[in-house]
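Residue numbering for the sequence shown follows the UniProt record's numbering, starting at 1 and increasing by one per position.
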Amino acid sequence: MSLEWLDKQAQDSVIYVSFGTTTSLSDDEIRELANGLENSQHKFIWVLRDADKGDIFNGGFMSHCGWNSSMESITMGVPIAAWPMHSDQPRNAILVTEVLKTGISVRDWELRGELVTSSTIETSIRKLMASDEGDAIRKRAAKLGDDVRRSVEKGGVTRMEIDSFIAHITR
């Protein structure tokens, strides 16, 4: 994938799709995902393995909502299209979509036994990338990302708490 291509795209116009290195999609899921992405008519980057997300996060991130992926997206202020698969992912998806309201749900966990259709994927992408609701989600995600990044800078609340904790345990 060329970063040159990505640099030429409009701000917030590309959705990043990744399910990490430990999740396997069935042939039917891959087919439905591919069709949903194509039918959404939005530009996307579909990564089959982990990549340097810092270089390619743009308008949205379709994610399994593993903790690391969720934290990266939140820190970078990028909204998530949440598609949990297993483990901690369902709870993280609820955190992102219902608590923080910085993402949308592609599939509810209760429906995990059902195939997510290309139509559902298409609708989710359109909702995140090109709707008033998606714009509001994007603004909340951007603000939260700014707040998180400021909190770890020198003088930020998280940084001060960590520094205090380290000072306490090393005396």
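C-beta atoms are modelled at their ideal positions from N, C-alpha and C, and glycine is treated no differently.
This structure is a prediction, so every number in the text was calculated from the model and none was measured.
Under a 10 Å Cβ-count criterion, L111 is classified as exposed, with fewer than 16 other Cβ atoms of the shown protein chains found around its own Cβ. Here the C-alpha atom of I169 lies approximately 41 Å from the C-alpha atom of S24. In the structure shown, the three-state DSSP call for F165 is helix.
Residues G77, V78, P79, T102 of the same chain have their beta carbon placed closer than 7 Å to that of A141, with the five preceding and five following residues left out of the count. The beta-carbon distance between V106 and I121, rounded to whole angstroms, is 6 Å. This is short enough to meet the 8 Å contact definition. Shown here for T97: same chain residues with a beta carbon closer than 7 Å to its own, the five before and five after excluded, namely A82, G103, I104, S105 in chain order. In the three-state scheme derived from DSSP, where H, G and I count as helix and E and B as strand, A141 is classed as helix. In this model, P84 and T158 are separated by some 28 Å (Cα to Cα).
According to DSSP, I15 shares a beta bridge with F44, G60. Less than 7 Å divides the Cβ of I15 from the Cβ of G60.
G134 sits in a helix when the DSSP states are folded into three classes. In the DSSP secondary-structure assignment, A81 is bridged to M62, I104. Per DSSP, reduced to three states, the secondary structure at L25 is coil, with no helix or strand assignment. Within the same chain, and ignoring the five residues on either side of S118 in sequence, the residues whose Cβ sits closer than 7 Å to its Cβ are E32, N35, G36, N39.
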